[in-house]
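S.K.: Attaching a single structure in structure tokens format; questions to follow.
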């Protein structure tokens, strides 16, 4: 079935849809190891998408070592490799403990500041589109009064993906969505305070996304650094409040 010419909001890009379709076809044995994928023109016609979308989708399969391009011959399916076990490098993290979240935020700052800079330099048009979609998805959650945790994590994953170095995305995926700081948003805070906090987070995200979209490496790093250090500061303020003696 041909892919729709336009992706619906929040459902992912055409690149992601085509990539998922091809992954499923490979997994189901439609394209066994050693077989050749249809040509770029054939895939474009079959799925109702542009050749640019096809190229980006194939690039994602190549990054996952599912296929390889052979000069002048086409794109061929690779034999699945046994995954190498990756030890869990970060343990004993309790998202309910403010000190644990501060530790993670410091680590994330070291990694994600660089990721933002690389994303500004290396992002493809399709990856930039994903970043923008994820940013707008957070805003949609805010406007609907819904939790933004999932959408927020998706934005950071999209930025990591746009580095075109899979290790950045693997790092965030290993930690999981608990990396998104929300303890600084307390139930006892007034609705006005909660709203102001979320607007601030949205503004920080907007600065990061704008810098990446403009291809400004240093501005992207600076914006991500401000965002994550701002989160650290909010958590440290919360930690100080918890440690104040009861009078």
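Residue numbers (this note's numbering): 267 to 513. Beta carbons are placed, not taken as given, at the ideal position from N, Cα and C, and that holds for glycine. The structure presented is a predicted model; accordingly, all values stated were derived computationally and were not measured.
Can you check the segment 406-494 for any alpha helix (DSSP H) of at least 4 residues that lies completely inside it and give the ranges in chain order?
M.R.: Secondary structure within the segment 406-494: the alpha helix (DSSP H) runs of 4 or more consecutive residues, fully enclosed, are 415-427, 432-441, 457-479 (chain order).
S.K.: How should residue 285 be labelled, buried or exposed, when 16 other C-beta atoms within 10 angstroms of its C-beta is the threshold for buried?
M.R.: If you number the chain shown from 1, residue 285 lands on position 19. Residue 285 should be labelled buried.
S.K.: What is the DSSP secondary structure of residue 293, counted as helix, strand or coil?
M.R.: Walking along the chain shown from the start, residue 293 turns up at place 27. Residue 293 falls in the helix class under three-state DSSP.
S.K.: Measuring alpha carbon to alpha carbon, tell me which residue in 376, 321, 287 is nearest residue 390.
M.R.: Taking the first residue of the chain shown as 1, we reach residue 390 at position 124. It is 321.
S.K.: When burial is assigned at 16 or more other CB atoms within 10 Å of the CB, is residue 553 buried or exposed?
M.R.: The structure shown has nothing for residue 553, since the chain only spans 267 to 513.
S.K.: Which stretch, first to last residue, makes up the alpha helix (DSSP H) that contains residue 383?
M.R.: Walking along the chain shown from the start, residue 383 turns up at place 117. Residue 383 -> alpha helix (DSSP H) spans 364-388.
S.K.: Helix, strand or coil, according to DSSP, for residue 328 in the structure here?
M.R.: Taking the first residue of the chain shown as position 1, residue 328 is located at position 62. Residue 328: helix per DSSP, three-state reduction.
S.K.: Using CA atoms only, rank isn't needed, just tell me which of 430, 422, 431, 461 is closest to residue 442.
M.R.: Residue mapping note: residue 442 aligns to position 176 of the chain shown, counting from 1. Measuring from the Cα of residue 442, the nearest candidate turns out to be 422.
S.K.: Using C-beta distances below 8 Å, list every residue in its chain close to residue 437, excluding the 5 sequence neighbours before and after it, in chain order.
M.R.: The residue labelled residue 437 in the question sits at position 171 within the chain shown. Within the same chain, residue 437 has close Cβ partners 377, 426.
S.K.: For residue 371, which residues in the same chain have their Cβ closer than 7 Å to its Cβ, ignoring the five residues on either side in sequence?
M.R.: On the chain shown, position 105 is the one that residue 371 refers to. For residue 371, where only same-chain residues beyond five positions count, the Cβ hits under 7 Å are 447, 494, 497, 498, 501.
S.K.: Might you give, ordered along the chain, the residues of its own chain that have their beta carbon closer than 6 Å to the beta carbon of residue 440, omitting 5 neighbours on each side?
M.R.: To locate residue 440, count along the chain shown from 1; it is residue 174. There are no such residues.
S.K.: Just tell me which of 476, 479, 393 has its CA closest to the CA of residue 281.
M.R.: Looking up residue 281 in the chain shown gives position 15. Distance from the Cα of residue 281 is smallest, within the candidate group 476, 479, 393, for 393.
S.K.: Determine the DSSP secondary structure at residue 314, reduced to helix, strand or coil.
M.R.: For the purposes of this step, residue 314 is taken as the residue at position 48 of the chain shown. It is coil, neither helix nor strand.
S.K.: Should residue 503 go down as buried or exposed, given a rule of 16 or more other Cβ atoms within 10 Å for buried?
M.R.: Residue mapping note: residue 503 aligns to position 237 of the chain shown, counting from 1. Exposed, by the Cβ-count rule.
S.K.: Smallest Cα separation from residue 478: which of 429, 462, 433?
M.R.: For the purposes of this step, residue 478 is identified with residue 212 of the chain shown, where counting begins at 1. Of the listed residues, the one whose Cα sits closest to residue 478 is 429.
S.K.: May I ask you to report which of helix, strand or coil DSSP gives residue 338?
M.R.: Residue mapping note: residue 338 aligns to position 72 of the chain shown, counting from 1. Looking at residue 338 - three-state DSSP - the assignment turns out to be coil, as it is neither helix nor strand.
S.K.: Measure from the alpha carbon of residue 408 to the alpha carbon of each residue in 375, 386, 466, then state which is nearest.
M.R.: For the purposes of this step, residue 408 is identified with residue 142 of the chain shown, where counting begins at 1. Here the closest residue by C-alpha is 466.
S.K.: I believe residue 289 touches residue 344 by the beta-carbon criterion, under 8 Å. Please report the beta-carbon distance rounded to the nearest angstrom.
M.R.: Mapped onto the chain shown, residue 289 falls at position 23. Mapped onto the chain shown, residue 344 falls at position 78. Going by Cβ atoms, the distance from residue 289 to residue 344 rounds to 13 Å, so no, they are not a contact pair.
S.K.: If contacts are defined as beta-carbon pairs under 8 Å, then residue 417 and residue 486 qualify, I think. What distance do you get, rounded to the angstrom?
M.R.: Here residue 417 refers to the residue found at position 151 when the chain shown is read from its first residue. Here residue 486 refers to the residue found at position 220 when the chain shown is read from its first residue. Contact flag wrong, Cβ pair sits at about 20 Å.
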